[in-house]
Amino acid sequence: MAAGLCLHLCPRLRAFAASSRPLFAAHSGALPLRRAGPAMPLAARARRGLSSSTAAAPPAEDDDFATAADLRFEPPLEVVKYPDPILRARNKRINTFDANLRALADEMFDVMYKTDGIGLSAPQVGVNVQLMVFNPAGVKGEGEEIVLVNPVVYKSAKRLLVFEEGCLSFPGIYANVVRPESVKIEAQDVTGAKIKVKLSGLPARVFQHEFDHLLGILFFDRMTMDILETVREQLKNLEKKYEERTGLLSPETVENYKGTKHVFSFSR
């Protein structure tokens, strides 16, 4: 399974994606969910480009919320590679739901498809805000395009699953990661409407991977030390490339890695 949707479609994940049912299917087998607002299917509300209306919360009085400057971006966006410090920076919550936010989500989908991903978080394209996009099908025009803003995990399954994950910010690196089989989340869609839903299977894996990015957690943080050893040299190579590209010392190194983060750790 792959998580987080900077998530890359590694071979095992491709097979899983091809066999997975729709994320928010409109039939008796659909994932259980509760909605806030009009009785409209979640997939329709969370899909990009649904509405041209603008919803905005009152201006924030502290720096917990993103400003217009925080949300500013210039296309074409590019994937930020490890160990760029942007991937560890704090990601602010969003309280302005406008055309700029929809444009950012659209650009993120475009980057995701071009790089053969199935999910992508805003910090992965250099925008440090609480926004992710994903489509478990991994193909434009197929599956469902989901946008989640300000997501929060309020419950995770006790059953844990191991699956090979990849990440667009770690090109060429794949390794096993343990994660809960399912999660219950609260979030907002691109229009600001509230969403409450249970995710399982591939969607849960992708969500958790991308959600980690919003917390500044990278997928090797979730690996056991034994698994980490299998990708250690590849991580060191990415650190070296960063130094060669920027002329700066790597802001972090796998040599100083302290150990696996607890699989149930979802706190910000």
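At position 241 of the sequence shown (counting the first as 1) the number is 249 in the numbering used here, and the numbers step up by one without a gap.
Each residue gets a CB set at the ideal place from its N, CA and C atoms; glycine is no exception.
For residue 117 and residue 207, what's the separation of their Cα atoms in angstroms?
In the sequence shown, residue 117 corresponds to position 109, counting from 1. In the sequence shown, residue 207 corresponds to position 199, counting from 1. Answer to the nearest angstrom: the Cα atoms are 20 Å apart.
Quick one: Cα of residue 256 to Cα of residue 250, how far?
For the purposes of this step, residue 256 is taken as residue 248 along the sequence shown, with counting starting at 1. For the purposes of this step, residue 250 is taken as residue 242 along the sequence shown, with counting starting at 1. Those two C-alpha atoms are separated by around 8 Å.
Rank 198, 234, 200, 128 by C-alpha distance to the C-alpha of residue 185 and give the top, closest one.
Within the sequence shown, the letter at position 177 stands for residue 185. The shortest Cα separation from residue 185 among 198, 234, 200, 128 belongs to 234.
Just to confirm, is the Cβ distance from residue 138 to residue 158 under 8 Å?
Residue 138 sits at position 130 when you count from the first residue of the sequence shown. Residue 158 sits at position 150 when you count from the first residue of the sequence shown. For residue 138 and residue 158, yes; Cβs fall inside 8 Å.
Can you give me the C-alpha to C-alpha distance between residue 201 and residue 107, rounded to a whole angstrom?
In the sequence shown, residue 201 corresponds to position 193, counting from 1. In the sequence shown, residue 107 corresponds to position 99, counting from 1. Spanning the two alpha carbons is a distance of roughly 15 Å.
Any beta carbon of chain B sitting closer than 8 Å to that of residue 247?
The displayed structure is made up of one protein chain only, and chain B is not part of it.
What residues in its chain sit with their C-beta under 6 Å from that of residue 178, if we drop five residues either side in the sequence?
As a first step, residue 178 is located in the sequence shown; it is residue number 170 there, counting from the start. Closer than 6 Å at the Cβ level, and outside the excluded window around residue 178, lie 90.
With DSSP as the reference, label residue 277 as helix, strand or coil.
Outside the shown range of the chain, which is 9 to 276, sits residue 277, and nothing can be said about it.
Report the three-state DSSP secondary structure of residue 232 (helix, strand or coil).
Here the question's residue 232 lines up with position 224 in the sequence shown. Three-state DSSP puts residue 232 in coil, outside helix and strand.
By the three-class DSSP mapping on this structure, what secondary structure does residue 280 have?
Nothing about residue 280 can be read from this structure; the chain reaches only from 9 to 276.
For residue 218, count neighbouring Cβ atoms within 10 angstroms of its own Cβ and tell me buried if that reaches 16, exposed if not.
Mapped onto the sequence shown, residue 218 falls at position 210. So residue 218 ends up on the buried side.
Taking the beta carbon of residue 6 as the centre, do at least 16 other beta carbons fall within 10 Å, making it buried, or is it exposed?
Since the first residue shown for the chain is 9 and the last is 276, residue 6 is missing from the structure and cannot be characterised.
Around the C-beta of residue 263, are 16 or more other C-beta atoms found within 10 angstroms, so that it is buried, or is it exposed?
Working through the sequence shown from its first residue, we reach residue 263 at position 255. Per the 10 Å Cβ criterion, exposed.
Mind reading off the beta-carbon distance from residue 96 to residue 174? Whole number of angstroms is fine, and I expect it under 8 Å.
Against the sequence shown, residue 96 aligns to sequence position 88. Against the sequence shown, residue 174 aligns to sequence position 166. Between residue 174 and residue 96 the Cβ distance is about 19 Å, and since that is not below 8 Å, they are no contact.
Are the segment 138-153 and the segment 165-172 in contact at 8 Å, needing three or more beta carbon pairs?
No: fewer than three Cβ pairs fall under 8 Å.
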